[in-house]
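Peer 1:
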Amino acid sequence: MRWGTAVTEQRYLKPGRIQVQLLHNAVGWLTRHGISIAGSRELAVRGRKSGEWRRNPVNPVTVGAQRFLVAPRGQTQWVRNLRAAGGGELRLGNHIERFTAQEVPDAEKPELLRTYLARWQWQVGAFFKGVNPNSSDEELLRIAPDHPVFRITEQA
Numbered sequence: 002m003r004w005g006t007a008v009t010e011q012r013y014l015k016p017g018r019i020q021v022q023l024l025h026n027a028v029g030w031l032t033r034h035g036i037s038i039a040g041s042r043e044l045a046v047r048g049r050k051s052g053e054w055r056r057n058p059v060n061p062v063t064v065g066a067q068r069f070l071v072a073p074r075g076q077t078q079w080v081r082n083l084r085a086a087g088g089g090e091l092r093l094g095n096h097i098e099r100f101t102a103q104e105v106p107d108a109e110k111p112e113l114l115r116t117y118l119a120r121w122q123w124q125v126g127a128f129f130k131g132v133n134p135n136s137s138d139e140e141l142l143r144i145a146p147d148h149p150v151f152r153i154t155e156q157a
């Protein structure tokens, strides 16, 4: 490290081969065939380098009248692609919902993370460093930088 240069470590928990084969592939197959696991969808977003469609299972969450995508594993490839593309598609079977995405600042995340964990902790809780839906705002703010969140708005 050079003097005067700040190093920001971006958290990314890469899934293991078994997780990809069992979880991503299975949930992806189910959603492509119109079967949702507790509201799961398949995110399709264009690759920032290739321009090819990339797909990942995601768990959208609704807070108030707005919908959000949370990245439990951190700075994933889909997060980087979504930042570059500014939007994508949520798919369930033949139903395609096109959306635009706006990243949420850390200060706004505690309520969103709490709601997300209340709904999805059974599946993603291990990625949140012991934080749960009953955690304080301070604890949720502490982990907020590790979990990108996007407000999604359906396109007409």
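The sequence shown runs 2 to 157 under my numbering. No residue lacks a Cβ here, since even glycine has one placed at the ideal position from N, Cα and C. The model shown is predicted, which means the values in this text are computed figures rather than measured ones.
1) At which residues does the beta strand (DSSP E) containing R49 begin and terminate?
2) When burial is assigned at 16 or more other CB atoms within 10 Å of the CB, is H148 buried or exposed?
3) Measure the Cβ-Cβ separation of G89 and A102 and say whether it is below 8 angstroms.
4) Please state if the CB of F151 and the CB of L83 are separated by a distance shorter than 8 angstroms.
5) Could you check what DSSP says for P61 in three-state terms: helix, strand or coil?
6) Mapping the DSSP letters down to three states, classify V125 as helix, strand or coil.
7) Hey, R55 and Q78: beta-carbon distance below 8 angstroms or not?
8) Can you find a CB in chain D that lies within less than 8 angstroms of the CB of S37?
9) When you compare only the Cα positions, how much space is there between G52 and A72?
10) Report the rounded CA-to-CA distance for R49 versus G87, giving the unit in angstroms.
11) Could you have a look at V105 and say whether DSSP puts it in helix, strand or coil?
12) So, is N57 buried or exposed, given that buried needs 16 or more other C-beta atoms within 10 angstroms?
13) Give me the Cα-Cα distance between R143 and N26, rounded to the nearest whole angstrom.
14) Just the Cα atoms here: how many angstroms apart are V132 and W30?
15) Does the distance from the C-beta atom of V174 to that of E112 stay below 8 angstroms?
Peer 2: In terms of the structure at hand:
1) No beta strand (DSSP E) holds R49; DSSP gives it neither H nor E.
2) That one is buried.
3) In terms of Cβ geometry, G89 and A102 form a close pair [threshold 8 angstroms].
4) In contact: L83 and F151 (Cβ atoms closer than 8 angstroms).
5) Here P61 sits in coil by DSSP.
6) Helix, per DSSP.
7) Yes, they are a contact pair.
8) Reference to chain D is not applicable here, since this structure consists of a single protein chain.
9) Their backbone Cα atoms lie some 21 angstroms apart in a straight line.
10) One Cα belongs to R49, the other to G87, and the distance between them is close to 10 angstroms.
11) Correct three-state label for V105: coil.
12) N57 is buried by the Cβ-count criterion.
13) One C-alpha to the other measures close to 32 angstroms.
14) Between V132 and W30, the C-alpha separation is close to 30 angstroms.
15) The first residue shown for the chain is 2 and the last is 157, placing residue 174 beyond what the model contains.
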